[in-house]
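Have a look at the structure below before the remarks.
Number of protein chains: 2
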Amino acid sequence: MLQKLDISLIRDLPPFRDMDESALRALLMQARSQRIAKGVHIFIQGQPAREFFLLLDGHIRVVKLTPQGDQFVPRYISSGELFGIAMALGVDAYPADAVAARDCVILVWPNTLWPDLVANHPTFATNTLATVGKRLAETQLQLAELATERVEQRVANAVLKLAKQTGKKTAEGIVIDFPVSRQDISDMTGTTLHTVSRLLSAWETAGWVKSGRQKITLTDGHRLVLIAHGKERTQG
Amino acid sequence: MLQKLDISLIRDLPPFRDMDESALRALLMQARSQRIAKGVHIFIQGQPAREFFLLLDGHIRVVKLTPQGDQFVPRYISSGELFGIAMALGVDAYPADAVAARDCVILVWPNTLWPDLVANHPTFATNTLATVGKRLAETQLQLAELATERVEQRVANAVLKLAKQTGKKTAEGIVIDFPVSRQDISDMTGTTLHTVSRLLSAWETAGWVKSGRQKITLTDGHRLVLIAHGKERTQG
DNA sequence: CGAAGCCTTGATGCGCCTCAACGTACGTGG
DNA sequence: CCACGTACGTTGAGGCGCATCAAGGCTTCG
Numbered sequence: 111m112l113q114k115l116d117i118s119l120i121r122d123l124p125p126f127r128d129m130d131e132s133a134l135r136a137l138l139m140q141a142r143s144q145r146i147a148k149g150v151h152i153f154i155q156g157q158p159a160r161e162f163f164l165l166l167d168g169h170i171r172v173v174k175l176t177p178q179g180d181q182f183v184p185r186y187i188s189s190g191e192l193f194g195i196a197m198a199l200g201v202d203a204y205p206a207d208a209v210a211a212r213d214c215v216i217l218v219w220p221n222t223l224w225p226d227l228v229a230n231h232p233t234f235a236t237n238t239l240a241t242v243g244k245r246l247a248e249t250q251l252q253l254a255e256l257a258t259e260r261v262e263q264r265v266a267n268a269v270l271k272l273a274k275q276t277g278k279k280t281a282e283g284i285v286i287d288f289p290v291s292r293q294d295i296s297d298m299t300g301t302t303l304h305t306v307s308r309l310l311s312a313w314e315t316a317g318w319v320k321s322g323r324q325k326i327t328l329t330d331g332h333r334l335v336l337i338a339h340g341k342e343r344t345q346g
Numbered sequence: 111m112l113q114k115l116d117i118s119l120i121r122d123l124p125p126f127r128d129m130d131e132s133a134l135r136a137l138l139m140q141a142r143s144q145r146i147a148k149g150v151h152i153f154i155q156g157q158p159a160r161e162f163f164l165l166l167d168g169h170i171r172v173v174k175l176t177p178q179g180d181q182f183v184p185r186y187i188s189s190g191e192l193f194g195i196a197m198a199l200g201v202d203a204y205p206a207d208a209v210a211a212r213d214c215v216i217l218v219w220p221n222t223l224w225p226d227l228v229a230n231h232p233t234f235a236t237n238t239l240a241t242v243g244k245r246l247a248e249t250q251l252q253l254a255e256l257a258t259e260r261v262e263q264r265v266a267n268a269v270l271k272l273a274k275q276t277g278k279k280t281a282e283g284i285v286i287d288f289p290v291s292r293q294d295i296s297d298m299t300g301t302t303l304h305t306v307s308r309l310l311s312a313w314e315t316a317g318w319v320k321s322g323r324q325k326i327t328l329t330d331g332h333r334l335v336l337i338a339h340g341k342e343r344t345q346g
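Residue numbers (the working numbering), protein chains in the order written: chain A, 111 to 346; chain B, 111 to 346.
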C-alpha cells in the first residue's frame with residue numbers, strides 16, 4: 111500500500127488553484143492513488159462513469175471508437191490534468207477509452223464527491239469550466255484543421271503538438287517523451303500509418319526529423335511549422 | 111425600446127434551471143435584449159470578449175476562420191442556448207464568428223456579471239459546465255466522423271443534424287427551418303459546394319430528399335441515416 | 001432589366017487510401 | 001542466450017474519391 115498522500119501533490123495544479131489547504135487535505139483523504147502500467151486501460155468507452163481521475167505522472171491516450179469500428183485519438187493527457195470527468199459534463203458513461211501511453215500514476219475519486227466539490231468550492235467549478243473550455247477550443251481548432259488542411263500539414267501539426275506537450279530536449283533535438291507509433295500519429299490525424307511512414311521518411315532524408323521505432327525526434331522544428339502552415343511542401 | 115423583460119423568457123431554459131425567481135429577475139434587469147437581422151455578425155473571431163449572450167429566438171451560425179483563410183462551421187446554435195461565453199472558458203477573445211442564420215432575438219449581458227453569477231449560483235455553474243461538456247462531446251464526435259467517414263456520410267450526417275435541430279414537419283417531409291446553401295453544408299463537412307450539390311442531386315433523383323435554393327427537405331430520413339452509417343452508398 | 005448570388009453538371013487530375021510484400025527490432029520462453 | 005513469434009516500419013504499384021477547373025442556367029433583388 112501507499113504512504114499518506116501529501117497536499118504538495120496537487121496544491122499547485124490548475125484544477126485546485128485557490129482552494130484552501132484544509133479542503134485539499136479532505137479531498138486527498140478520499141482519493142485512492144494507483145499505478146497504471148503502460149498499455150493498460152483505465153476506463154473504457156461506454157462504461158458507466160463511477161469515478162473521476164487526476165493524472166499525477168505519465169501520459170494518457172484518449173481513444174474514441176466510432177460505430178463503424180475505426181478508432182481515433184482526439185488528445186493526449188499530460189500530468190496535472192483531470193480526466194474521466196464524465197459526471198461534470200452531464201453524461202453517465204465515459205465517452206472514450208483512456209489508455210496509459212506509458213507507466214502512469216493517477217489519483218482516483220468516486221463520482222459521489224463531485225457535487226459537494228463544485229457546490230462548496232466555487233473556484234473549483236470555475237477552474238474546471240475553464241479546463242473544459244480550453245479543451246473545447248482545442249478540439250474545435252483540430253476540427254477546423256482536419257476539415258481544411260492536407261494530410262501533410264495535419265501530421266506535422268500532430269508531431270509538433272506532441273513535442274510541445276511532452277518534448278524533452280536532447281543533444282539531437284526535441285524528442286517525444288513516450289512511445290509513439292506511426293499508427294498512433296495516423297489515428298490522431300485521420301490518415302493511415304503508411305502515409306505517416308512515408309512522410310516521416312521524407313522528412314528524415316530532408317533532415318527535419320529523426321525517427322525510429324516508436325520514437326520521433328525533431329531536429330528542425332521550425333521547418334515543420336512551415337509545413338504545418340502549408341508554406342512548404344514535402345517533396346515526393 | 112423594448113418592454114420589460116419577463117422571467118418567463120428564461121425561467122425554463124436549461125442554463126437557468128433551479129435558479130430562484132428573485133435571482134432570475136435580477137439577472138434580467140441587467141440584460142439588454144436585441145434584434146439581429148439575418149446575416150449580421152453578433153461578434154467576430156479574435157474580438158475581445160466583453161459580453162455573453164443568450165439566443166431567445168432564431169438560429170446562429172458559428173464560423174471559424176483558419177489562419178490560411180478557409181472557413182469552417184463547427185455548429186449551429188438554437189434558441190435557448192447560451193453563446194459567446196468566452197469568459198467562462200478562460201479566454202478573453204471570442205474564438206469564432208457568430209452570424210445570424212436568420213432573424214434572431216438575443217439577450218446580452220456584460221461579462222462583468224459572470225463571476226458573481228457562478229459564485230452565487232452553484233447550479234448555474236453546474237448547468238453551464240454540463241452545457242459546455244455536451245458541446246465538447248459533440249465536437250469530439252464530429253472530429254471522429256471527419257477523420258474516419260467519407261464525404262457522403264458526413265454530408266448526410268450534417269443534413270440530418272440540421273433537420274433534427276431545426277426541422278419542421280410539412281406535407282412533403284421535414285424541412286430545415288432556415289436558409290442553408292450548398293456552401294454552408296460544405297463548410298460544415300470540410301468538402302466543396304460542388305460535391306454537396308452533386309450528392310443532393312443524386313439523393314433527389316433517388317427520392318430521399320427535395321432541395322432547392324437554400325432549402326432542403328427530407329422525404330426519407332431513414333435512408334439518409336443508412337447513408338450516414340455507411341450502410342448504403344449513393345450511386346454515381 | 002441587369003447584376004449578383006446560388007445551383008448544376010461535365011472534364012480532368014492528383015492526393016492519399018488500399019493492397020501487397022518484405023525488412024527489422026523487440027521480448028519471451030525454451 | 002538464442003530462436004522464434006509478434007509488433008512495428010518501409011516501400012512500391014495501382015486505383016478511386018473528391019478537389020479543381022470550367023461553363024452555363026436559374027432565382028432574387030435593387
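Glycine included, C-beta positions come from ideal geometry on N, C-alpha and C.
Note that the C-beta distance between C214/B and G149/B is not below 8 angstroms.
Bridge partners of D207/A according to DSSP: V173/A.
In this structure, the beta-carbon distance from D297/A to F182/A falls below 8 angstroms.
T327/B carries a strand assignment under DSSP once its states are collapsed to helix, strand and coil. The stretch 298 to 307 of chain B and the stretch 265 to 282 of chain B touch, with three or more beta-carbon pairs separated by less than 8 angstroms.
Pairwise C-beta distances place the stretch 278 to 298 of chain A in contact with the stretch 325 to 340 of chain A, as three or more of them are shorter than 8 angstroms.
Under the Cβ criterion of 8 angstroms, G149/A is not counted among the residues facing chain B.
When Q144/A, M129/A, L336/A are compared, the shortest CA-CA separation from L115/A is found for Q144/A. Distance check between R160/B and each of G190/B, L251/B, D202/B, I152/B places D202/B closest, using alpha-carbon atoms only. Here the alpha carbons of S132/B and L256/A stand approximately 46 angstroms from one another.
At least 8 angstroms separates the beta-carbon of T249/B from that of L192/B. Note on S311/B: under 16 other CB atoms within 10 angstroms of its CB, so exposed under the neighbour-count rule.
Looking only at K271/B, G283/B, I170/B, the smallest Cα-Cα distance to V209/B is reached by I170/B.
For the pair P124/B and P158/B, the Cα-to-Cα distance works out to about 27 angstroms. Annotated three-state conformation of L123/B is coil, per DSSP. Across the set H151/A, T280/A, L270/A, S118/A, the C-alpha of S118/A shows the shortest separation from the C-alpha of L137/A. Counting only residues of its own chain and dropping the five nearest sequence neighbours on each side, G190/B has a CB closer than 6 angstroms to the CB of L123. Secondary structure at K148/A: coil, using DSSP grouped into helix, strand and coil. Leaving aside the five residues that flank W313/B on each side, the residues in its chain whose CB is nearer than 6 angstroms to its CB run, in chain order, V319. Straight-line measurement puts the Cα of L134/B at about 11 angstroms from the Cα of H231/B. Note that the C-beta distance between L199/A and K271/B is not below 8 angstroms.
Within a 10 Å sphere around the beta-carbon of D226/A sit fewer than 16 other beta-carbons, which makes this residue exposed. When the five nearest sequence neighbours on each side are left out, the beta carbons in the same chain lying within less than 6 angstroms of the beta carbon of Q275/B are those of S188, in order along the chain.
T305/B has a beta carbon lying at 8 angstroms or more from every beta carbon in chain A. For the alpha helix (DSSP H) assignment, the uninterrupted runs of no fewer than 4 residues enclosed by the stretch 206 to 246 of chain B are, from N- to C-terminal side, 223 to 230.
The beta carbon of W219/B sits closer than 7 angstroms to those of Q140, A141, E161, F162, all from its chain and outside the five residues before and after it, given in chain order. For T302/B, no chain A residue has a Cβ inside 8 angstroms of its Cβ, as the nearest lies near 11 angstroms away. By the beta-carbon neighbour count (other beta carbons within 10 angstroms, threshold 16), R185/A is buried. Rounded to whole angstroms, the gap between the alpha carbons of A147/B and R212/B is 7 angstroms. In chain order, A159, F162, N221, W224 place their CB closer than 8 angstroms to the CB of M197/B, counting only its own chain and leaving out the 5 sequence neighbours on each side.
If you look at L272/A, you'll find it in the alpha helix (DSSP H) that goes 261 to 276.
In this structure, the beta-carbon distance from V242/A to L334/A does not fall below 8 angstroms. In terms of Cβ geometry, I286/B and G300/B do not form a close pair [threshold 8 angstroms].
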